[in-house]
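Trainee: After the structure tokens below, expect a handful of questions from me.
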Ligand code: OSB
Ligand code: MG
């Protein structure tokens, strides 16, 4: 099989509320959707890239450029097997090494395409690609556990209301963004107000080059984990910090590739890994990290980048793999958007979980009219 065309679709959607990390905040998301076409079947993918580039160097604009000027030609040139097409394409694109989110977006679209061609739900394909696959091919779960990630708020009362609402709607795990100077008092106030709820903190590298004393104070506050306190390439620093803390460190930004994650585990730089396939350059790499962590008895969960329904459905499918043993950063559609671009919307159940679709591919429909409504620009690249 050959990929015949790629649509690049840049949309901009307002978030339901301001979202800030230690690196800055946004009130709307720029999103790059990629649609792959082959022999009358299509598949959807999404680049997890930020705008502006705070999480990593990639943006929706760099993904567009890298796909249009470099990755598309390789995608069209590749002769892909019927089974394992997406994984094979992932290996072709891996040759570019950099720009993981651009590579991941195309690979993701081809995972969806392959699943639809074979009439299989996406989770089944992801399971097939993992060394942990069950003999009967059945997913270990048909609902996945989700949490909510709440950004930094200048006013405590705003955050308090958000936590209240989140708990009332069924979220069982709350993640709070922290930064230097907005940490110990914040978590203490939340503990005073909400007691012993499952709580974690994400610093997004915010203590790089700073005093880690606040992190050591947080160590006594019963957090499930502290995510990425130090710099994005500082494995040694995380390893040293972990020896001084009982709270598990979870790596996000620092687990940048499969190889780098292996190095992190070797150095004991963290005890939990956030798997974000966009950061890792695609679903195959995410599955490789899942399998690697399984061999080391390291729990993983699926991270998010405030994706639209397209990226989130891929995340829901991958979170069915058995190593995803903690709540994922995968909220319901209405936590992000007034109206998601998929139908039906992702909904949270009373069990704190979301359903895994069973229809072929991502399993829900992308509503083109909504995509058009948020359109910034689009182009179609075609095979020569
Ligand atoms: O560090 O996990 C992060 C969003 C944008 C950039 C980085 C991160 C996040 C989140 C959002 O925490 C998680 C979600 O999509 O719900
Ligand atoms: Mg994070």
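Residue numbers (our numbering): 120 to 503.
Glycine included, C-beta positions come from ideal geometry on N, C-alpha and C.
Look up residue 251 in the DSSP assignment and say whether it is helix, strand or coil.
Mentor: coil
Trainee: Under a Cβ-count criterion, where at least 16 other Cβ atoms within 10 Å of its own Cβ denotes burial, should residue 494 be classed as buried or exposed?
Mentor: Residue 494 comes out exposed.
Trainee: Go to residue 219, then tell me how far its alpha helix (DSSP H) extends in each direction, as first and last residue.
Mentor: 219-236
Trainee: If contact is defined by three or more beta carbon pairs under 8 Å, each pair taking one atom from either stretch, is the segment 224-238 in contact with the segment 193-212?
Mentor: yes
Trainee: So is residue 167 buried or exposed if we call it buried at 16+ other beta carbons inside 10 Å?
Mentor: buried
Trainee: Residue 424 bridges to which residues according to DSSP?
Mentor: According to DSSP, residue pairing for residue 424 in a beta bridge does not occur.
Trainee: If you measure from the CB of residue 201, is any heavy atom of the ligand OSB nearer than 7 Å?
Mentor: no
Trainee: What would DSSP say about residue 413, mapped onto helix, strand or coil?
Mentor: helix
Trainee: Just mark residue 253 as buried or exposed, buried being the case when its beta carbon has 16 or more other beta carbons within 10 Å.
Mentor: exposed
Trainee: So what does DSSP say about residue 68, is it helix, strand or coil?
Mentor: There is simply no residue 68 to check, as the chain begins at 120 and stops at 503 in what is shown.
Trainee: For residue 455 versus residue 432, is the C-beta distance shorter than 8 Å?
Mentor: no
Trainee: Less than 8 Å between the C-beta atoms of residue 155 and residue 232, yes or no?
Mentor: yes
Trainee: How many angstroms separate the CA atom of residue 413 from the CA atom of residue 325?
Mentor: Cα-Cα distance, rounded: 29 Å.
Trainee: Would you mind sorting residue 408 into buried or exposed? The rule is 16 or more other CB atoms within 10 Å of its CB.
Mentor: buried
Trainee: Take the Cβ of residue 245 as the centre, count every other Cβ of all protein chains shown within 10 Å, and call the residue buried at 16 or more, exposed below.
Mentor: Of the other Cβ atoms in all chains shown, 16 or more fall within 10 Å of the Cβ of residue 245; this residue is therefore buried.
Trainee: Please report the Cβ distance between residue 449 and residue 473, rounded to the nearest whole angstrom; I am assuming they are in contact, meaning their Cβ atoms lie under 8 Å.
Mentor: 7 Å
Trainee: Please look up how many angstroms separate the CB atoms of residue 357 and residue 370, rounded, as I've assumed it's under 8 Å.
Mentor: 7 Å
Trainee: Nearest to residue 77 by alpha carbon, out of 140, 367 and 438?
Mentor: No information on residue 77 is available, as it lies outside the stretch 120 to 503 that the chain covers here.
Trainee: Do residue 340 and residue 391 have their CB atoms nearer than 8 Å?
Mentor: no
Trainee: Identify which residue in 467, 480 and 497 has its Cα closest to the Cα of residue 289.
Mentor: 467
Trainee: From the DSSP output, read off the bridge partner residues of residue 301.
Mentor: In DSSP, residue 301 forms a bridge with 298.
Trainee: Just to confirm, are residue 293 and residue 317 a CB contact at a threshold of 8 Å?
Mentor: Less than 8 Å divides the Cβ of residue 293 from the Cβ of residue 317.
Trainee: Alpha carbon to alpha carbon, what distance is there between residue 386 and residue 499?
Mentor: 45 Å
Trainee: Just checking residue 423 against the ligand OSB - is the residue's beta carbon closer than 7 Å to any of the ligand's heavy atoms?
Mentor: yes
Trainee: Does DSSP put residue 324 in a helix, a strand or coil?
Mentor: coil
Trainee: Determine the contact status of residue 323 and residue 140, defining contact as a CB-CB distance below 8 Å.
Mentor: yes
Trainee: Check whether the Cβ atoms of residue 170 and residue 161 lie closer than 8 Å to each other.
Mentor: Taking 8 Å as the cut-off, the Cβ atoms of residue 170 and residue 161 do not count as close.
Trainee: Which value, in whole angstroms, describes the spacing of the CA atoms of residue 444 and residue 122?
Mentor: 35 Å
Trainee: Report yes if the C-beta of residue 447 is less than 7 Å from at least one heavy atom of the ligand MG; otherwise report no.
Mentor: no
Trainee: Would you list the residues sitting across from residue 319 in a DSSP beta bridge?
Mentor: 294
Trainee: Mind checking which residues open and close the alpha helix (DSSP H) that includes residue 362?
Mentor: 354-363
Trainee: Is residue 491 helix, strand or coil when you go by DSSP?
Mentor: The answer is helix: DSSP assigns residue 491 an H, G or I state.
Trainee: Starting from residue 195, follow the alpha helix (DSSP H) in both directions and report where the run begins and ends.
Mentor: Counting along the chain, the alpha helix (DSSP H) containing residue 195 begins and ends at 191-196.
Trainee: Quick check: is any heavy atom of the ligand MG less than 7 Å from the C-beta of residue 393?
Mentor: yes
Trainee: Residue 408 CB to nearest chain C CB: under 8 Å?
Mentor: Judged by its chain identifiers, the structure shown contains no chain C, having just a single protein chain.
Trainee: Please name the residue or residues paired with residue 156 in a DSSP beta bridge.
Mentor: Its beta-bridge partners are 124 and 161.
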